[in-house]
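Peer 1:
Number of protein chains: 2
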Amino acid sequence: MKDLKSIRMEKGLLYETIITTKNEDNIPNAAPIGVICKDTLEIVLYLYEGTHTLQNIKSNPHFIVNITKDPLIFANSTLGDLSTDYFEKCNDNYYIKNADAFFIATINSIKEVEKEDNIGKSRVNIIRANVDEIIIKNEPVEPLNRAIFAIVESLVYFSRIEIVNEETKKIYSKRIKEMSRLVSRVGGIEHKKAMNNILKHVENK
Amino acid sequence: MKDLKSIRMEKGLLYETIITTKNEDNIPNAAPIGVICKDTLEIVLYLYEGTHTLQNIKSNPHFIVNITKDPLIFANSTLGDLSTDYFEKCNDNYYIKNADAFFIATINSIKEVEKEDNIGKSRVNIIRANVDEIIIKNEPVEPLNRAIFAIVESLVYFSRIEIVNEETKKIYSKRIKEMSRLVSRVGGIEHKKAMNNILKHVENK
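Same order as they appear, the protein sequences are chains X and S. The first sequence begins at 0 in numbering that gives the first Met the number 0 and counts up by one. The second sequence begins at 0 in numbering that gives the first Met the number 0 and counts up by one.
1) Taking only three categories from DSSP, how would you classify residue 121(S)?
2) According to DSSP, is residue 98(S) part of a helix, a strand, or is it coil?
3) Scan the region 191-202 of chain S for residues whose Cβ lies nearer than 7 angstroms to a Cβ of chain X and list them as they occur along the chain.
4) Give every residue of the same chain whose Cβ lies closer than 6 angstroms to the Cβ of residue 134(S), excluding the five residues on either side of it in the sequence, and list them in chain order.
5) Alpha carbon to alpha carbon, how far is residue 85(S) from residue 207(S)? Give it in angstroms, no decimals.
6) Among 132(S), 131(S), 74(S) and 194(S), which residue has its Cα nearest to the Cα of residue 151(S)?
7) Counting only runs of 4+ residues fully inside the region 108-163 of chain X, write out the alpha helix (DSSP H) ranges in chain order.
8) Across which residues does DSSP place residue 41(S) in a beta bridge pair?
9) Hey, how far is the Cα of residue 36(X) from the Cα of residue 18(X)?
10) Among 97(S), 200(S), 202(S) and 189(S), which residue has its Cα nearest to the Cα of residue 12(S)?
11) Any C-beta of chain S sitting closer than 8 angstroms to the C-beta of residue 77(X)?
12) Can a CB atom of chain S be found closer than 8 angstroms to the CB of residue 151(X)?
13) Check whether the region 22-39 of chain X and the region 0-14 of chain X touch, using three or more Cβ-Cβ pairs below 8 angstroms as the test.
14) Can you list the residues of chain X that residue 157(S) reaches, using a CB-CB cut of under 8 angstroms?
15) Using 8 angstroms as the limit for Cβ to Cβ distance, is residue 53(S) near chain X?
16) Residues of chain X with CB under 7 angstroms from residue 10(S), in chain order?
17) Do residue 58(S) and residue 23(S) have their C-beta atoms closer together than 8 angstroms?
18) Could you tell me the boundaries of the beta strand (DSSP E) in which residue 63(X) lies?
19) Round the Cβ separation of residue 32(X) and residue 140(X) to the nearest angstrom and send it over; I've been treating them as touching at under 8 angstroms.
20) Applying the 10 Å Cβ sphere with the 16-neighbour rule, what's the burial state of residue 161(X)?
21) So if DSSP puts residue 28(S) in a beta bridge, which residue, or which two residues, is it bridged to?
22) Going by CA-CA distance only, name the one from 103(X), 145(X), 113(X) and 154(X) that's closest to residue 129(X).
23) Is residue 50(S) helix, strand or coil by DSSP?
24) Checking contacts by CB at 8 angstroms: is residue 143(S) closer than that to chain X?
25) On the DSSP letters alone, give me the boundaries of the alpha helix (DSSP H) that residue 88(S) sits inside.
26) So the alpha helix (DSSP H) residue 181(S) belongs to, where does it begin and stop?
27) Would you mind reading off the limits of the alpha helix (DSSP H) that contains residue 75(X)?
28) Are the CB atoms of residue 51(S) and residue 28(S) within a distance shorter than 8 angstroms?
29) Leaving out five residues on either side along the sequence, give the residues of the same chain with a beta carbon under 7 angstroms from the beta carbon of residue 145(S).
30) Kindly indicate which residue of 124(X), 54(X) and 131(X) has the alpha-carbon position closest to the one of residue 1(X).
31) For my contact list, residue 191(S) and residue 183(S) are in at a C-beta cut-off of 8 angstroms; report their separation, rounded to the angstrom.
32) Please name the residue in 153(X), 113(X) and 21(X) whose C-alpha comes closest to that of residue 77(S).
33) List, in order along the chain, the chain S residues whose C-beta lies closer than 9 angstroms to that of residue 115(X)?
34) Under 8 angstroms Cβ to Cβ from residue 82(S), same chain only, skipping five residues before and after it: list those, please.
35) Under 7 angstroms from any heavy atom of the ligand FMN, does the C-beta of residue 125(X) make it?
36) Hey, would you say residue 124(X) sits closer than 8 angstroms to residue 106(X), going by beta carbons?
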């Protein structure tokens with residue numbers, strides 16, 4: 000059986016995916032959701048209260064994780080409801096037709112916790128799920144991980160820090176720190192090492 | 000002969016690469032540089048005055064474009080000089096040993112222009128170069144393009160706009176606009192369509 004390595008998901012990293020679920024009336028829903036690769040056949044997600052995805056998986060423990068880099072799918076599923084043309088059925092569940100790969104997952108446990116970030120406190124549900132079946136539709140599959148982007152962003156700001164005024168310098172340092180938080184949340188060991196190097200150089204500027 | 004499609008570079012998009020050159024004393028240099036895929040065998044780059052890369056290619060018209068997502072190579076070649084352990088020779092030129100792919104390019108023309116951005120005016124050299132030979136070392140090769148990341152970033156800010164205070168809201172709108180400028184510089188048609196959808200929704204918030 001294929002495991003998450005077959006779609007290049009590495010243990011410990013968080014990937015941007017589109018999760019498809021259906022409600023009790025069989026209406027499909029798609030939402031962009033970060034998926035942590037916990038092990039070769041296990042994932043973890045954080046779902047906020049009040050989202051369709053959470054409601055749907057509470058009534059049906061199977062859901063589909065779609066691997067895609069299609070910008071319109073990310074944009075349209077965030078800005079509103081994704082048009083039904085995008086969905087297709089696999090057994091009893093919906094997936095995104097033009098995803099590069101998708102997998103069926105089944106909930107193992109749901110744990111509700113309180114989370115605090117820079118915006119405030121919120122109730123969040125930690126979902127652990129097992130990977131049942133992986134279907135590859137379009138090789139090469141590379142799931143979307145934001146760590147290298149955060150590093151490139153930080154390096155762009157770093158390169159400009161010397162040539163901008165004090166106010167902009169502060170904004171850039173703040174951005175680099177935000178990008179560093181992103182890397183510690185989504186990245187792997189090498190990403191974290193690179194980010195640490197950047198932070199050390201920023202301090203010395 | 001292989002062309003840029005073999006390493007999944009699409010016409011019109013800008014990719015983040017590492018360019019390796021050597022100076023007159025045969026000392027290798029590596030720098031992170033954006034490369035526009037102009038055609039299947041033609042690229043364009045913008046190089047600022049005073050950079051080693053520009054000095055080196057003015058004395059030797061051949062250079063190497065390395066395709067990698069290694070975070071330490073990006074960080075270390077920006078923060079200082081990349082350690083010589085990273086380089087290897089191909090004929091007379093240096094490439095990055097653990098790049099997924101690289102290609103040898105030869106300058107076709109250099110045009111100096113004045114460029115103005117939000118930081119100020121600067122002299123920039125527009126380099127057109129032909130692709131001579133592509134070497135793939137590690138499949139699948141996927142060159143680094145920032146457009147989908149800029150879209151995901153924008154969507155993250157968009158989702159939070161409703162729940163933050165007015166001041167933060169302004170910062171987020173500004174960020175989305177920056178990300179939109181990035182997409183128009185580096186992205187393809189679908190990225191631009193997605194970004195336009197986001198901007199329309201931001202205006203209505």
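Each residue gets a CB set at the ideal place from its N, CA and C atoms; glycine is no exception.
Peer 2: According to the structure shown:
1) Here residue 121(S) corresponds to residue number 122 of the second sequence, with the count starting at 1. Residue state, collapsed to three classes: strand.
2) Your numbering for residue 98(S) matches position 99 in the second sequence. If DSSP states are grouped into helix, strand and coil, residue 98(S) belongs with coil.
3) 192, 193, 196, 197 and 200
4) Your numbering for residue 134(S) matches position 135 in the second sequence. 101.
5) Missing from the structure shown is residue 207(S); chain S here goes from 0 to 204 and no further.
6) Taking the first residue of the second sequence as 1, we reach residue 151(S) at position 152. Residue 194(S) is the option with its Cα nearest to residue 151(S).
7) For the region 108-163 of chain X, whole alpha helix (DSSP H) runs of length 4 or above, ordered along the chain, are 146-160.
8) Walking along the second sequence from the start, residue 41(S) turns up at place 42. For residue 41(S), which the question treats as bridged, DSSP gives the partners 38(S) and 129(S).
9) Residue 36(X) sits at position 37 when you count from the first residue of the first sequence. Residue 18(X) sits at position 19 when you count from the first residue of the first sequence. Going by the C-alpha atoms only, they are around 14 angstroms apart.
10) Here the question's residue 12(S) lines up with position 13 in the second sequence. Closest option to residue 12(S), Cα to Cα, is 189(S).
11) Walking along the first sequence from the start, residue 77(X) turns up at place 78. Yes - at least one Cβ of chain S is within 8 angstroms of the one on residue 77(X).
12) To locate residue 151(X), count along the first sequence from 1; it is residue 152. Yes, residue 151(X) counts as interfacial toward chain S.
13) yes
14) As a first step, residue 157(S) must be located in the second sequence, where it is residue number 158. Simply 77 and 78.
15) Reading the second sequence from its first residue, position 54 is the one you call residue 53(S). So no, residue 53(S) is outside the interface.
16) On the second sequence, residue 10(S) is found 11 positions in, with the first residue counted as 1. Going along chain X, no residue has its Cβ under 7 angstroms from residue 10(S), so there is no contact; the nearest lies around 17 angstroms.
17) Translated into positions along the second sequence, residue 58(S) becomes position 59. Translated into positions along the second sequence, residue 23(S) becomes position 24. Yes. Within cutoff.
18) Numbered from 1 along the first sequence, position 64 holds the residue referred to as residue 63(X). It spans 61-66 - the beta strand (DSSP E) in which residue 63(X) sits, taken as one unbroken run.
19) As a first step, residue 32(X) is located in the first sequence; it is residue number 33 there, counting from the start. As a first step, residue 140(X) is located in the first sequence; it is residue number 141 there, counting from the start. With 8 angstroms as the limit, residue 32(X) and residue 140(X) do not qualify as a contact, their Cβ atoms being about 18 angstroms apart.
20) Here residue 161(X) corresponds to residue number 162 of the first sequence, with the count starting at 1. Burial call: exposed.
21) Along the second sequence, one-based indexing puts residue 28(S) at 29. DSSP, once it has assigned bridges, lists 20(S) as partnering residue 28(S).
22) The count along the first sequence starts at 1 and reaches residue 129(X) at position 130. Residue 129(X) has its Cα closest to that of 103(X), out of 103(X), 145(X), 113(X) and 154(X).
23) Locating residue 50(S) in the second sequence gives position 51, counting from the first residue. Residue 50(S) falls in the coil class under three-state DSSP.
24) Locating residue 143(S) in the second sequence gives position 144, where the first residue counts as 1. Yes - at least one Cβ of chain X is within 8 angstroms of the one on residue 143(S).
25) As a working mapping, residue 88(S) is identified with position 89 in the second sequence. Residue 88(S) -> not in any alpha helix (DSSP H); beta strand (DSSP E) instead, spanning 86-89.
26) Along the second sequence, read from residue 1 onward, the residue named residue 181(S) stands at position 182. That run of the alpha helix (DSSP H) goes 165-185.
27) Numbered from its first residue, the first sequence carries residue 75(X) at position 76. Segment 70-78, the alpha helix (DSSP H) holding residue 75(X).
28) In the second sequence, the residue the question calls residue 28(S) occupies position 29. In the second sequence, the residue the question calls residue 51(S) occupies position 52. Taking 8 angstroms as the Cβ cut-off, residue 28(S) and residue 51(S) qualify as a contacting pair.
29) By 1-based counting over the second sequence, the position of residue 145(S) is 146. These residues qualify, in order along the chain: 15, 181 and 185.
30) Start at 1 with the first residue of the first sequence, and residue 1(X) comes out as number 2. Comparing Cα positions, the closest option is 131(X).
31) For the purposes of this step, residue 191(S) is taken as the residue at position 192 of the second sequence. For the purposes of this step, residue 183(S) is taken as the residue at position 184 of the second sequence. Between residue 183(S) and residue 191(S) the Cβ distance is about 6 angstroms, and since that is below 8 angstroms, they are a contact.
32) Taking the second sequence and counting its residues from 1, the one referred to as residue 77(S) is at position 78. When each option's Cα is compared against that of residue 77(S), the closest is 153(X).
33) Taking the first sequence and counting its residues from 1, one reaches residue 115(X) at position 116. What residue 115(X) touches in chain S: nothing, since even the nearest Cβ is about 14 angstroms away.
34) For the purposes of this step, residue 82(S) is taken as residue 83 along the second sequence, with counting starting at 1. Contacts found: 75.
35) No copy of the ligand FMN occurs in the structure displayed, which carries no ligand at all.
36) Within the first sequence, numbered from 1, the residue matching residue 124(X) stands at position 125. Within the first sequence, numbered from 1, the residue matching residue 106(X) stands at position 107. No, the Cβ-Cβ distance between residue 124(X) and residue 106(X) is not below 8 angstroms.
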